[in-house]
Amino acid sequence: MPRQLTLNLPVRTALGREDFFVSPSNAHALETLSAPTDWPLGKIVLCGETGSGKTHLAHVWAEQTQAQILQACDLEASNIEQLARAPLALEDADQIAQDGERETLLFHLHNLILANGHFLLLTARTAPSRWNIALPDLKSRMEGTAVVQLQAPDDMLLTVVLLKHFNDRQLHVAPEVVDYIIKRIPRSLGFIGELCVALDQTALSEKRAITRPLVAKVLDVLDKNHTTGA
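Per the numbering used here, residue 4 is the first one in the sequence shown, and the count goes up by one each step.
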C-alpha cells in the first residue's frame, strides 16, 4: 500500500493566523502587515493576483488589529462614519474604479479614517496606478499609498495548503499523486479549494480512490468549466 500524506488539523474555514502558512511568496507581505505603525501615512495596499492569499492575510491583520473587514463594493453612505471609528481592511478596492458613487465614498472614508488615527488596509489585484480611478482626489490619494505585493504561491505553499484541504476532508492521497497535482495546477490557493471539493465529490460518487487518472479527469473538467465560464 502506498504511503499516505495527512496533516493533523481540524475541519473548519481557516482564516486565522495559525492557519497562515509562511513561505517566500508571502513572508515580506506578512512582515509588512504585522507592523502597521511603520506604514507611511498609516495606510497600505496589499496587492496580488486572485488566489494569492490576500483575503486570508487581510483576516490575519484584522485579527491582530481588531479591524473591521468590508468588501469595497459594499460601501454605503450610511456606514462611512461607523467604519472610520476603527482600523479597516477594505477588500477588492480596485473593483470600484469608475463607480462614481463608491469612489466618492472611498475618498471620504479614506480621509476620515486617517484623521481619526486608524489604519487602513486595502486589497487589490494590482497597484493603484492601474485602477483607472475617475475621481482625481481619490486617484491621487490611492497612488500616494504604499504598496506591498503578494507573489504567486510557490510549490511549498501550494503543497502545504493542498495537504491541509485533503486532511480537512479526511482524504488520503499518495505522495506521487500530490506531486502530480502540484505540477499541473494554476498558482492559485483558491483553485486548490475548488479542486479538492471536486476530487472529493467525484471520488465519492464513483467510489474510487484519488489517483492520477481521477485527478486528470477532474482537472480536465475544471479547465473546461473555467474556459466556458460555467
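Even glycine gets a Cβ: it sits at the ideal position worked out from N, Cα and C. If you're wondering where the values come from, they're calculated on a predicted model, not measured in any experiment.
Collapsed DSSP secondary structure at residue 123 in the structure displayed: strand
Assign residue 48 to one of three DSSP states: helix, strand, or coil. strand
Using a threshold of 8 Å, state whether the C-beta atoms of residue 70 and residue 126 are closer than that. no
Hey, could you find the ends of the alpha helix (DSSP H) residue 116 is sitting in? 103-118
Would you identify the three-state DSSP class for residue 177, choosing helix, strand or coil? Note: residue 177 maps to coil in three-state DSSP.
Range of the contiguous beta strand (DSSP E) that encloses residue 146: Not the beta strand (DSSP E): residue 146 falls in the alpha helix (DSSP H), residues 139-146.
Sort 210, 96, 88, 155 by Cα distance to residue 27 and report the nearest one. 155
Where residue 13 falls: helix, strand or coil (DSSP): Bear in mind that a pLDDT of 36 at residue 13, under 50, signals an unreliable position, so the model cannot answer this.
Report the rounded CA-to-CA distance for residue 230 versus residue 52, giving the unit in angstroms. 18 Å
If I follow the unbroken beta strand (DSSP E) through residue 71, where does it start and stop? 71-74
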